[in-house]
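Remarks on the structure that follows.
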Amino acid sequence: MDAYLEGRVAIVTGGFTGIGKAIALALAERGATIAVGARGLPEDAIEELDKVADRFFYQKLDVADVSSIDAFMDGLVSAYGHADILVNSAGVTTHEYVCGHDEKSWLDVIDINLSGPFRMIRACLPKMIERRWGRIINIGSTAATTAVADHAAYCASKSGLLGLNRAVALEGAPHGVSSVVISPTWVQTEMFDSSMEIQAGNAGRSSEEEIAALVAEQPQKRLVQPRELGALAAFLCHDDALGITMEDIQVNAGALW
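First residue of the sequence shown? That's 18 in our numbering, and the numbers climb one at a time after it.
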């Protein structure tokens, strides 16, 4: 595989599971040094990434905690210098309608899914601008434009991310820095499995039945796989992809959600 990212340092938040891990693997396969931060450090995921990456940094990271971000960035700078690529993949959701929505869960989702990317961009963008090269990739969702009633906080956070991304793209544009949102439909990840269990319980059927019903509704009759998003993210980090900025790239497999 073409190692066109050799010499580049890539931060991936939430990079030990699901979409984040797939992107970290794809970037490592193309030569990037990867720096993964997450609230948990699962040994199996660490071993998997370590086998692929020539250089690999990892540390606990809570994007809702400025002191945790500062500690992560200090560790990264000490090990490999400043980041050339930032992938904001850390995210959470909660199954709640606006009527009766718990205040804390609302704030938690917004803090991690929207304020978290803001904090990480704030930490990385100045050096990208200074060195006149940078790629920022924010993992959004088709839920930002086609909502689901019982995911109010998630939909709001991903809609806000689109606005943040546009502002960042304009700020970075004169300096060789792009900023893009990748918005997938349902992706077969651990977070998806957890969501399906909750929805299945609410519907009074098994999670297998819930997933089968969802797949049957999809135009492609399948679920998007994390590796597809990894390949897309890796391409967006290529030198030839600089012109792709401010975009909301939907990986919807033909579906609205």
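We put the CB at the ideal spot given by N, CA and C, even for glycine.
- DSSP, reduced to helix, strand and coil, places Leu103 within a strand of the structure shown.
- Contact check for Val26 against Ala107 fails: the beta carbons are separated by 7 Å or more.
- Residue burial is scored here from C-beta neighbours: Gln237 has fewer than 16 other C-beta atoms within 10 angstroms and is therefore classed as exposed.
- Around the beta carbon of Ala49, 16 or more other beta carbons sit within 10 angstroms, so the residue counts as buried.
- For Asn182, the three-state secondary structure derived from DSSP is helix.
- In this chain, Val115 is not harboured by any alpha helix (DSSP H), its DSSP state being neither H nor E.
- Per DSSP, Lys77 is one residue of the beta strand (DSSP E) stretching across Phe73 to Lys77.
- Minimum Cα-Cα distance from Asn269 among the listed residues Glu225, Ser200 and Ile228 corresponds to Ser200.
- Two segments are said to touch when three or more pairs of C-beta atoms, one from each, lie closer than 8 Å; by this definition the stretch 56-73 does not touch the stretch 110-128.
- Note that the C-beta distance between Ala45 and Gly247 is not below 7 Å.
- At the C-beta level, Val115 and Ala169 come within 7 Å of one another.
- When the alpha-carbon of Gly151 is set against those of Leu178, Ser174, His192 and Ile266, the nearest one is in His192.
- Taking Ala55 as reference, the option from Ala70, Glu214 and Gly32 with the minimal CA-CA separation is Gly32.
- Sequence-distant partners of Thr34 (beyond 5 residues in either direction) whose C-beta falls short of 6 Å from its own C-beta, in its chain, are Glu207.
- In this chain, Ser85 is not harboured by any beta strand (DSSP E); it is covered by the alpha helix (DSSP H) spanning Val83 to Tyr97.
- Counting only residues of its own chain and dropping the five nearest sequence neighbours on each side, Gly189 has a CB closer than 8 Å to the CB of Leu142, Met145, Ile146, Gly151, Ile153, Ser195, Ser196 and Thr262.
- In the DSSP annotation of this structure, the continuous segment of the beta strand (DSSP E) that includes Ser195 starts and ends at Val194 to Pro201.
- Around the beta carbon of Met213, 16 or more other beta carbons sit within 10 angstroms, so the residue counts as buried.
- Annotation: the continuous alpha helix (DSSP H) that includes Asp125 extends over Glu120 to Ile127.
- Of the candidates Gln76, Asn105 and Ala81, Gln76 places its Cα closest to the Cα of Asp91.
- Here Gln267 is not near Thr110, since their CB atoms are 7 Å or more apart.
- Distance between Asp19 and Gly260, taken at the CA atoms: about 21 Å.
- Take the alpha-carbon of Pro243 and the one of Tyr171: they are about 19 Å apart.
- Burial is judged here by how many other beta carbons sit within 10 angstroms of a residue's own beta carbon; Asp67 has fewer than 16 and is exposed.
- Around the beta carbon of Lys121, a 10 Å sphere encloses fewer than 16 other beta carbons of the protein chains shown; the residue is thus reported as exposed.
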